[in-house]
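As structure tokens, the structure follows; a few thoughts come after it.
Numbering (our numbering), first residue to last: 1 to 773.
Structure follows, in structure tokens:
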């Protein structure tokens with residue numbers, strides 16, 4: 001005769017025919033706590049004394065350094081993903097989260113500062129300034145820049161005789177004269193001459209003492225910028241022999257320029273050469289190109305009577321001027337003669353100016369030039385600079401830079417004033433400082449270097465040439481996109497999130513910086529959720545999943561997985577240490593070190609899985625198992641599955657409004673309406689298990705005996721024959737008991753319900769058979 005015995009109680013299977021199941025797997029498992037080898041009930045969740053607002057969808061406990069059921073519960077009305085920051089020195093448990101508007105962060109100082117947690121937060125990321133700063137230069141050039149100067153060397157000064165007349169012409173003012181006086185020792189000295197010249201209007205004069213390569217002398221300096229001067233020494237009164245450009249006047253005879261390929265040419269007919277135009281002994285001043293003017297003296301031609309200047313003697317005088325030629329030839333009428341004067345140079349640069357020096361009054365003083373002043377220039381090196389600035393928060397977070405300023409060219413020692421720094425953007429960023437950076441002199445890179453820092457309420461700064469600091473590190477550190485969601489912690493200080501059709505990754509250990517260069521863009525699919533196992537990020541999509549791996553954000557490599565398992569619920573994605581699980585249309589999908597598969601493939605048919613409304617599944621990992629909430633017709637229930645041993649699935653006859661795991665305490669919490677409850681902490685639930693369909697070769701008489709071994713009683717026993725309930729009994733103890741007869745059956749099932757652990761249940765056709773089990 002047959003004996004039917006059920007032990008192990010490894011959940012339920014809805015995929016296989018009930019008669020093909022292993023003996024330890026049933027067709028129904030409700031409220032069963034797996035992992036003990038017996039049929040054991042979960043305890044009911046127990047309230048921890050914390051209530052939240054109605055409509056809360058996400059709960060999360062902060063204060064992970066201290067185990068507690070009550071402190072401190074954050075709550076949100078939407079689906080939020082929270083990640084503790086990767087900072088080993090963080091004592092306030094800074095936590096980053098998405099799903100509540102734009103990405104944010106909070107910590108214990110902010111989150112629990114008010115009534116509803118989180119009561120305070122900061123926007124994640126630091127905005128870049130929207131406009132470039134404005135620049136102006138304060139020159140450090142000396143007051144003498146632009147004035148004119150000249151130094152009389154000591155040898156020139158001491159070579160002057162006492163009583164020498166010097167004349168100084170400053171700008172357009174009338175010339176001033178001074179007669180040298182005797183200094184110490186009886187002659188003209190540097191000190192005596194400097195004192196006399198310094199007394200003149202429009203200039204100053206000082207003694208220069210010899211030092212190194214600097215020679216001694218008297219330095220003259222104009223009082224006004226842009227005003228030149230000359231200094232001359234009187235050498236006599238012969239105003240004809242030594243013409244003086246300061247006193248003589250001129251009559252311009254010709255002012256010519258060359259043309260393309262041709263010289264400047266001046267033709268003088270012999271008939272023009274008269275006493276009025278070219279007297280014997282008169283002087284001309286000839287300027288060729290840009291050369292200094294040359295004075296020539298006109299003399300009488302040979303064999304002329306009375307003596308007069310003729311074409312040949314004038315040509316001979318002109319021919320002495322460098323840079324040109326003067327030749328006597330026939331005029332166009334072939335009768336008269338003419339002089340043709342041509343510059344050696346051709347083109348428009350060729351110049352020829354001929355002036356007649358008007359006679360001066362006899363006895364007019366004649367001077368020789370000692371020197372002409374030259375402008376004092378700024379010889380400091382110049383450099384071109386650009387400036388940017390950044391915003392910095394009270395947490396030390398620095399954002400990306402502003403647009404570069406316009407280029408500004410300065411000289412070493414100049415001060416650059418920066419204005420229009422800011423304004424600071426509105427929002428909960430905590431910005432309290434502005435940092436200024438500029439390009440570095442002599443650097444061929446486009447790097448910007450730290451210059452200075454000001455408070456955020458100011459909008460001006462100055463560059464006085466202070467020593468520059470580190471290179472700006474935040475050029476690419478833009479804030480995360482406002483639509484970033486599904487924030488997920490990775491390895492090596494990285495975090496990832498989904499924005500639109502891309503996956504974004506933050507700078508390592510800088511969770512507020514999200515460079516676009518680290519973007520992962522799946523092809524032909526859109527990301528739905530993220531999960532990690534080891535140093536692998538699984539991107540589940542609306543198509544095939546993608547595996548992303550690498551040691552740093554700039555070294556991440558993506559590889560599609562040939563596994564058609566689109567994610568139907570972003571909240572179902574759970575990283576489980578050895579793999580990632582998520583809800584797909586066919587079941588609970590899995591990607592791990594062993595490859596990809598559907599965990600429920602041999603447990604639930606697609607039809608059975610779809611009956612759970614997988615698009616509503618929200619999952620967590622607890623004690624190595626996948627816990628999933630699902631909602632059908634506004635009623636929420638829960639299931640559990642062990643990815644490592646997926647023999648059966650376990651269901652609960654109740655659900656929750658939210659679910660969360662506290663890793664420090666190793667505890668699971670659920671939200672029941674507005675009340676947070678700790679999982680498996682209350683009174684024992686009633687566990688129910690219905691066995692497989694035991695099929696006999698042929699119909700047999702009813703089993704006559706049964707036995708239930710359990711830790712506690714009563715245990716409700718039910719017996720089914722050919723899928724019809726035949727007997728129900730509340731078993732009070734471990735002793736065997738009689739079953740009713742009078743019927744036959746080929747298919748048999750056993751169901752037990754209890755509030756305590758049940759080790760086994762058996763039925764037999766006699767007490768002696770039970771004794772042998």
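Where is the CB? At the ideal position from N, CA and C, for every residue including glycine.
Bear in mind that the values here come from a model prediction, so they are computed numbers and not experimental data.
Inset, instruction - Closer than 8 Å by C-beta to residue 472: which residues in its own chain qualify, once you throw out the five before and the five after it? Chain order, please. - result: For residue 472, where only same-chain residues beyond five positions count, the Cβ hits under 8 Å are 388, 390, 401, 437, 447, 448, 449, 450.
Legend entry - Among 156, 534, 54, 45, nearest to residue 69 - alpha-carbon criterion: That would be 45, whose Cα lies nearest to the Cα of residue 69.
Inset, instruction - Mind reading off the beta-carbon distance from residue 589 to residue 686? Whole number of angstroms is fine, and I expect it under 8 Å. - result: Not really, about 32 Å apart at Cβ, beyond 8 Å.
Inset, instruction - Inspect the beta-carbon positions of residue 109 and residue 117 and report whether they are closer than 8 Å. - result: No, the Cβ-Cβ distance between residue 109 and residue 117 is not below 8 Å.
Legend entry - Length-filtered (3 minimum) beta strand (DSSP E) runs lying within the stretch 256–330: Runs of the beta strand (DSSP E) inside the stretch 256–330: 263–269, 283–288, 294–297, 324–330.
Inset, instruction - Leaving out five residues on either side along the sequence, give the residues of the same chain with a beta carbon under 6 Å from the beta carbon of residue 51. - result: Once the five neighbours on either side are set aside, the close Cβ partners of residue 51 are 674, 675.
Legend entry - Sequence ranges, beta strand (DSSP E) only - wholly within the stretch 683–748, length at least 3: You should have 687–690, 694–701, 705–710, 715–721, 724–731.
Legend entry - Collapsed DSSP secondary structure at residue 154 in the structure displayed: Helix at residue 154.
Legend entry - Coil, strand or helix - residue 246 by DSSP: Because residue 246 carries a pLDDT of 48, less than 50, the predicted location of this residue cannot be relied on, and the following value inherits that uncertainty. In the structure shown, residue 246 sits in coil (DSSP, three-state: anything other than H, G, I, E or B).
Inset, instruction - Count the C-beta pairs between the stretch 424–435 and the stretch 115–130 that are closer than 8 Å, then say yes if the count reaches three, no if not. - result: By the Cβ criterion, the stretch 424–435 is in contact with the stretch 115–130, since at least three pairs of Cβ atoms, one from each stretch, lie closer than 8 Å.
Inset, instruction - Compare the C-alpha of residue 670 against each of 710, 637, 392, 162 and name the closest. - result: Minimum Cα distance to residue 670 is reached at 637.
Legend entry - Nearest-angstrom Cα separation, counted from residue 255 out to residue 285: The alpha-carbon separation between residue 285 and residue 255 amounts to approximately 12 Å.
Inset, instruction - Mind reading off the beta-carbon distance from residue 534 to residue 573? Whole number of angstroms is fine, and I expect it under 8 Å. - result: Residue 534 to residue 573, Cβ: 16 Å. No contact.
Legend entry - Where the beta strand (DSSP E) containing residue 775 begins and where it ends: There is no way to answer for residue 775, as the model of the chain reaches only from 1 to 773.
Legend entry - Rounded C-alpha distance that separates residue 340 from residue 303: Approximately 22 Å, taken between the alpha carbons.
Inset, instruction - Might you give, ordered along the chain, the residues of its own chain that have their beta carbon closer than 7 Å to the beta carbon of residue 464, omitting 5 neighbours on each side? - result: Around residue 464: 415.
Legend entry - First through last residue of the beta strand (DSSP E) which encompasses residue 770: For residue 770, no beta strand (DSSP E) run applies; the uninterrupted alpha helix (DSSP H) run containing it begins and ends at 767–771, by DSSP.
Legend entry - Entirely enclosed alpha helix (DSSP H) segments - the stretch 94–156, minimum 4 residues: DSSP runs (the alpha helix (DSSP H)) wholly in the stretch 94–156: 108–111.
Inset, instruction - Could you have a look at residue 614 and say whether DSSP puts it in helix, strand or coil? - result: Residue 614 falls in the helix class under three-state DSSP.
Legend entry - DSSP state of residue 558 mapped onto helix, strand, coil: Note: residue 558 maps to strand in three-state DSSP.
Legend entry - Euclidean distance between Cα positions of residue 155 and residue 368: Roughly 17 Å between the two C-alpha positions.
Legend entry - When 138, 231, 691, 370 are compared against residue 412, the one with the closest alpha-carbon: If we check each option's Cα against that of residue 412, 138 comes out closest.
Inset, instruction - Go ahead and label residue 780 buried or exposed: buried means 16 or more other beta carbons lie within 10 angstroms of its beta carbon, across all protein chains shown. - result: Since the first residue shown for the chain is 1 and the last is 773, residue 780 is missing from the structure and cannot be characterised.
Inset, instruction - Determine the DSSP secondary structure at residue 518, reduced to helix, strand or coil. - result: Annotated three-state conformation of residue 518 is helix, per DSSP.
Inset, instruction - Note the first and the last residue of the continuous beta strand (DSSP E) segment covering residue 168. - result: From DSSP, the beta strand (DSSP E) with residue 168 extends over 165–170.
Inset, instruction - State the Cα-Cα distance for the pair residue 383 and residue 467, rounded to the nearest angstrom. - result: Rounded to whole angstroms, residue 383 and residue 467 show a C-alpha spacing of 16 Å.
Legend entry - Beta carbon of residue 356 nearer than 8 Å to that of residue 266: In this structure, residue 266 does not lie closer than 8 Å to residue 356 by Cβ.
Legend entry - Pairwise C-alpha distance: residue 38 and residue 719: Looking at the two C-alpha atoms, the distance is approximately 19 Å.
Inset, instruction - Within its chain, find whatever has a CB closer than 7 Å to the CB of residue 243; leave out the 5 residues flanking it on each side and keep chain order. - result: Reliability fails at residue 243, whose pLDDT of 45 lies under 50, so the model's placement of it is uncertain and the value that follows must be treated cautiously. The residues are 283, 295, 357.
Legend entry - Where residue 572 sits in the DSSP three-state scheme: Here residue 572 carries a helix assignment [DSSP, helix/strand/coil].
Inset, instruction - Pull up the DSSP beta-bridge partners for residue 398, would you. - result: Residue 398 is bridged to 392.
Legend entry - Cβ distance (whole Å) where residue 23 is taken to contact residue 6 below 8 Å: Right, the Cβ-Cβ distance comes to about 7 Å (below 8 Å), so this counts as a contact.
Inset, instruction - Alpha carbon to alpha carbon, how far is residue 298 from residue 241? Give it in angstroms, no decimals. - result: Any answer about residue 241 is weak, because its pLDDT of 41 lies below 50 and its placement is not dependable; what the coordinates show is given next. Each residue's alpha carbon lies about 12 Å from the other.
Inset, instruction - Report all residues from its chain with a CB closer than 8 Å to the CB of residue 705; omit the five preceding and five following residues, and keep chain order. - result: If we look at residue 705 and ignore the five residues flanking it on each side, its Cβ neighbours are 736, 737, 738, 739, 763, 764, 765, 766, 767, 769, 770.
Inset, instruction - May I ask you to verify whether the stretch 16–34 touches the stretch 657–667, counting CB pairs closer than 8 Å and requiring at least 3? - result: Note that the stretch 16–34 does not touch the stretch 657–667; fewer than 3 beta-carbon pairs, one per stretch, sit closer than 8 Å.
Legend entry - Close-in-space but distant-in-sequence residues of the same chain around residue 550 (CB under 6 Å, 5 per side omitted): Closer than 6 Å at the Cβ level, and outside the excluded window around residue 550, lie 556, 557.
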